[in-house]
Amino acid sequence: MQRVRDHRIGLASGVLPEFDAEIVVDAAAEAGFDAVGLWVVPDQWPAARIRTVRAAVAAHGLELLDIEVLRMRPGPLADDHRRMVEIAGELGARNLLVVGGEGKADALVEPYAELCALGAAHGVRIALEFMLFSRVRTLDEAAAVVAAAQSPAAALLIDPLHLDRAGYDAAAIAALPTAWLSYAQFCDAPAATLPVDDSVGLLAEAKDDRLLPGEGVLPLHAILDALPPATPLSIELRSRALRETYPDPLARAHAVRLATAEWLGAPVAA
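When we follow this note's numbering, the leftmost residue of the sequence shown carries the number 1227, and every step to the right adds one.
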């Protein structure tokens, strides 16, 4: 895909949630993406699989933008959390996506800082995503956790859907340190209808109701303008409609790539 404003465009793992990582890598490459994201469960990733997937990503000329997801909890890091950081490094991933899984946001400061120290040793950014249905609910909470880490590996992940649902706009992005913005997610969505405390409904919306760029009402142009010019974009199109319309992984990835390129103003090739 031709890059617009120097943004590299990646296929997020959530676009193809029912498919193995190997299929996601192939679909991203064949559909014309610059990068890809992968869902990782540590005990399903032996050394041989890591080598195979890393080789496939490299052979396709893709960037591994992130792996997900690590759900933080208070206290010392669990072995599987340490292993997630190690796997990210072994795969060559730029970022590890983490969220608040248990406890209050201020109780996650220490484990997040520990993850960042481990991430720095493995060449991986630890990208904290805020979501109203998680334990790090708001941009302010996420920013406090990231700032406290005081680490070059610390990062804050912006998702336009979660930004909007938590009541923020593009100006809030522009106020952040640019060094925190190692990449961003990208999608559109309808106008908000759910209460901010409806965790079940908001989670379902995030998993099933996202829209292609230009199909919803989110201020995507303003969000792009607020991000650093070369911020890579992970196209986070979790959508039941897309899954039902395009059961084939390549067809779905291709549809997302074409719609995104068209919205961004890039030349579109079939």
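A virtual CB, placed ideally from N, CA and C, is assigned to each residue, including glycine. As the structure is a computational prediction, the values presented were derived from the model and not from experiment.
Mapping the DSSP letters down to three states, classify residue i as helix, strand or coil.
i: Arg1391; result: helix
i: Arg1466; result: helix
i: Ser1239; result: helix
i: Trp1406; result: helix
i: Asp1306; result: helix
i: Val1324; result: strand
i: Ala1174; result: For residue 1174 there is no data in the structure shown, the boundaries of the chain being 1227 and 1496.
i: His1233; result: strand
i: Leu1444; result: coil
i: Leu1383; result: strand
i: Ala1353; result: strand
i: Leu1450; result: helix
i: Leu1420; result: coil
i: Leu1437; result: strand
What does the Cβ neighbour count give for residue i, buried or exposed, with the cut at 16 atoms within 10 Å?
i: Ala1314; result: buried
i: His1388; result: buried
i: Asp1232; result: exposed
i: Val1443; result: exposed
i: His1307; result: buried
i: Gly1326; result: buried
i: Arg1277; result: exposed
i: Asp1474; result: exposed
i: Thr1419; result: exposed
i: Asp1366; result: exposed
i: Ala1479; result: buried
i: Ala1375; result: buried
i: Ala1274; result: exposed
Would you kindly report the start and end of the unbroken alpha helix (DSSP H) that includes residue i?
i: Gly1345; result: Val1335 to His1348
i: Trp1489; result: Pro1475 to Leu1490
i: Ala1374; result: Leu1365 to Ala1375
i: Glu1431; result: Ser1425 to Asp1434
Check whether the Cβ atoms of residue i and residue j sit closer than 9 angstroms, and answer yes or no.
i: Leu1290; j: Leu1323; result: no
i: Ala1261; j: Leu1288; result: yes
i: Gln1411; j: Ala1247; result: no
i: Tyr1409; j: Ser1460; result: yes
i: Ala1396; j: Asp1434; result: no
i: Ala1331; j: Ala1368; result: yes
i: Pro1300; j: Gly1329; result: yes
i: Val1241; j: Leu1317; result: no
i: Asp1414; j: Arg1391; result: no
Measuring only from the beta carbon, is residue i closer than 8 angstroms to any heavy atom that is part of the ligand GDP?
i: Ser1360; result: No copy of the ligand GDP appears in this structure; indeed no ligand is present at all.
Residue range of the beta strand (DSSP E) that residue i falls in?
i: Ala1397; result: Looking at the DSSP string, Ala1397 is not in any beta strand (DSSP E); the run it does join, the alpha helix (DSSP H), is Ala1396 to Ala1400.
i: Asp1246; result: Here Asp1246 belongs to no beta strand (DSSP E), and DSSP marks it neither H nor E.
i: Ser1360; result: Run containing Ser1360: none; DSSP gives neither H nor E here.
Continuous beta strand (DSSP E) assignments of at least 3 residues falling wholly in the stretch 1272 to 1304: 1289 to 1298
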